[in-house]
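Read the structure below first, then the notes.
There are 2 protein chains.
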Amino acid sequence: MTTEQTSGGDPKRSIELLWGLQDSRPKRGPKPRFTVAGIARVAIEIADAEGLAALSMRRVADKLGVTAMSLYTYVPGKAELIDVMLDTVIGETLVEEDPAAEEGWRARLARIARQSRDLYLRHPWLLQVVTTVRPVLGPNMIAKYDRDLRAVDGLGLTDIEMDLVVTLVSDYVHGAVRTAVEQRQVERDTGKTDEQWWQEWAPLLEKVFDADRHPTAARVGAAAGAAYNAAAAPDRAFEFGLQRILDGIEHLIARA
Amino acid sequence: MTTEQTSGGDPKRSIELLWGLQDSRPKRGPKPRFTVAGIARVAIEIADAEGLAALSMRRVADKLGVTAMSLYTYVPGKAELIDVMLDTVIGETLVEEDPAAEEGWRARLARIARQSRDLYLRHPWLLQVVTTVRPVLGPNMIAKYDRDLRAVDGLGLTDIEMDLVVTLVSDYVHGAVRTAVEQRQVERDTGKTDEQWWQEWAPLLEKVFDADRHPTAARVGAAAGAAYNAAAAPDRAFEFGLQRILDGIEHLIARA
DNA sequence: GGAAACTCTCTACAGCGTAAGCTATACTCG
DNA sequence: CGAGTATAGCTTACGCTGTAGAGAGTTTCC
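Residue numbers (the UniProt record's numbering), protein chains in the order written: chain A, 1 to 256; chain B, 1 to 256.
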């Protein structure tokens, strides 16, 4: 249905772009009309509004009033552009309230998790981008890593445990947020709420689903469907999982 | 760099395909040379070997000795084909050892998590596919849901908590397995180990990374880099996170 | 012997990322 | 000031994508 793009450009070029190296500000030829950051901003707007599938070099160029090829004077290729988009939006969380302001590591980790989740919800295309080749270490990504680590510093954990805890939380957020993003996307694409969607396919499913073969799924599925009437379900699942994980981390810290 | 595909075909057609409805075995015209399952198998081979980016209708058709358009007599489109691929590979875990054979819910959940993880590693394209529009409820997906739930049945959890626990584990697996998949992909694509890759970019990073601004990241990053020499890192992170999550669930069950 | 149902092919279209080569611009230097 | 040169942006082109539409060839039913 949709065609998606992953990141993963030439690491060297990406790193140079992200850190503004070789910005040897050319003096000869015509004035550049754009900047890499500006191009990335436009690209992010497109991806936010219509998904990664709708992001093409031509679309970005059109929006800037130039041809597709002229973007290649600023950016070596689409993959590197996505690398820049990624580091750019990660920067958004850095200007929000600092988790360090929270009292206690639990509140700090929870805030980090929720900030990440909000970021994914604002930029759903991140789910497809981060899924890829290896971290492109932009300045914002490193700053976020540092910030995340500070939330669990000085608790008696080893450095390695700190790294593992931060990884655990961000892995969970990534996995869990998918559900919420999907739900919103269904609603946007079909104009129907999650609930309506299920009701529509229920007859077909009932014809096909054998409750005797899968009694547990039948029972729990029905209970789950009835309990949270879909709209708030992903939020509740996210908070539930987050609390379990924090409990698990607490158990670790208590031992340390 | 790579072009990826998400699932998300017409739900009705997908469900019909997956459950073999409307298999009203046509009697009139020429004998069909293929089956949907056979086409999906070939498509899975391509995606396994070369990634979702390399999966195109023409590639699949070529491998079967027909033109691209002839696939459309079996399958309404690429999206629905991917739906079938998805349910097909989920079926693989169902023939492995039943987690129910394990003593204790901890061992059962751990086995489920590791089986899922292995599935993702065998079929890395799953990471891009599952990330999408809403569950296409094929027979194998439902059977797996049932199996997962049985691992935590009868422990005093409510039905809804059972659903949430299963969701938590599978969300985490999805999030955590990305790292391992990425690492393998880097090694496959570049022919370099993760370690070599880092060594290669270390000089550039050092020039750009300000340790004074991010002391925690500098300290922990160095410790983490030194401790697990990359190759086994994702495995260890996965097991670490899994144990924390199981601890958190244990805390919940103890209360129930 | 039609007619209907079916598989499969060919052609075509709009879109993609980007390589190659060109022109127009704006600076540096003699 | 004029020449030289580096740069921005343009045009064209290639091979790839998913799939719509029309038609050819095959099998079975009435």
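Here a beta-carbon is modelled for each residue, glycine too, at the ideal position from N, C-alpha and C.
In this text the structure is predicted, and so the values were computed from the model without any measurement.
Close to TYR120 of chain A, with beta-carbon spacing below 8 Å, lies no residue of chain B; the smallest spacing is near 11 Å. In the same chain as VAL36 of chain A, and ignoring 5 residues on each side of it, the C-beta atoms closer than 7 Å to its own belong to LEU17, TYR74, VAL75 and VAL84, in chain order. Within the region 30 to 105 of chain B, no run of beta strand (DSSP E) reaches 3 residues while sitting entirely inside it. About 7 Å separates the beta carbon of VAL60 of chain A from that of ILE46 of chain A, a gap short enough to meet the 8 Å contact definition.
Membership of TRP201 of chain B in the alpha helix (DSSP H) is indicated by the continuous run 194 to 208.
Following the DSSP letters along the chain, one finds TYR228 of chain A in no alpha helix (DSSP H), marked with neither H nor E. For LEU168 of chain A, the enclosing alpha helix (DSSP H) begins and ends at 159 to 190.
Within chain A, the C-beta atoms nearer than 7 Å to that of VAL220 of chain B come from LEU149, ASP159, MET162 and ASP163, in chain order. ASP153 of chain A carries a coil assignment under DSSP once its states are collapsed to helix, strand and coil. Taken in chain order, the members of the region 233 to 245 of chain B whose beta-carbon sits within less than 7 Å of a beta-carbon on chain A are ALA237, PHE240, GLY241, ARG244 and ILE245. Residue range 233 to 255 is occupied by the alpha helix (DSSP H) that includes HIS251 of chain B.
Using a 10 angstroms sphere on the CB of GLN128 of chain B, the tally of other CB atoms reaches 16 or more, which defines it as buried. At the C-beta level, VAL165 of chain B and VAL152 of chain B come within 9 Å of one another. In the three-state reduction of the DSSP assignment, GLY20 of chain B falls in the coil class, being assigned neither a helical nor a strand state. Distance from the CA atom of GLU161 of chain A to the CA atom of ALA180 of chain B, rounded to whole angstroms, is 18 Å. Against GLY248 of chain A, the close residues of chain B are GLY241, GLN243, ARG244, ILE245, LEU246, ASP247, GLY248, ILE249, GLU250 and HIS251, in the order they occur along the chain (beta-carbon pairs closer than 9 Å).
In its chain, beyond the 5 residues on either side, no residue has a beta carbon closer than 6 Å to the beta carbon of ARG122 of chain B. Check the Cα spacing between ALA202 of chain B and each of B:ASP189, B:ARG108, B:ALA43 and B:GLY225: the tightest is with B:GLY225. Annotation for ALA100 of chain A: ARG108, ARG147, ARG150 and ALA151 place their beta carbon closer than 8 Å to its own, counting only its chain and skipping 5 residues before and after. Residues of the region 102 to 129 of chain B with a C-beta atom less than 9 Å from some C-beta of chain A are LEU127 and GLN128, listed in chain order.
The C-beta of VAL75 of chain B comes no closer than 9 Å to any C-beta of chain A. The C-beta of ASP153 of chain A comes closer than 9 Å to at least one C-beta of chain B. Three or more beta-carbon pairs separated by less than 8 Å are not found between the region 202 to 213 of chain A and the region 204 to 216 of chain B, which leaves the two stretches without contact. Residues of chain B whose Cβ lies closer than 7 Å to the Cβ of THR93 of chain A do not exist; the shortest such Cβ separation is about 15 Å. Look at PRO139 of chain A: its C-beta is under 9 Å from a C-beta on chain B. Comparing C-alpha distances from LYS144 of chain B to each of B:LEU155, B:SER170 and B:LEU157 shows the shortest one belongs to B:SER170. Nearest C-alpha to GLU80 of chain A among A:ASP163, A:VAL136, A:ASP194 and A:ALA176: A:VAL136.
For GLN199 of chain B, the number of other beta carbons within 10 angstroms of its own is below 16, and it is reported as exposed. Around the CB of MET69 of chain B, fewer than 16 other CB atoms lie within 10 Å, so the residue is classed as exposed.
Within 9 Å of the CB of GLY156 of chain A, no CB atom of chain B is found; the nearest one sits about 14 Å away.
Spanning the alpha carbons of GLY248 of chain A and ILE15 of chain A requires a straight line of approximately 36 Å.
The continuous alpha helix (DSSP H) containing LEU127 of chain A extends over residues 126 to 129. For the region 203 to 217 of chain B, the set of residues with a beta-carbon nearer than 7 Å to any beta-carbon of chain A comprises LEU204, LEU205, VAL208, PHE209, HIS214, THR216 and ALA217, in chain order. Collapsing the DSSP output to three states places ALA223 of chain B in a helix. Its chain contains VAL186 and THR190 as the residues whose beta carbon lies nearer than 8 Å to that of TRP197 of chain B, once the 5 sequence neighbours on both sides are disregarded; these appear in chain order. Between ARG244 of chain A and LEU242 of chain B a beta carbon distance of about 12 Å is seen, past the 8 Å cut, so the two are scored as non-contacting.
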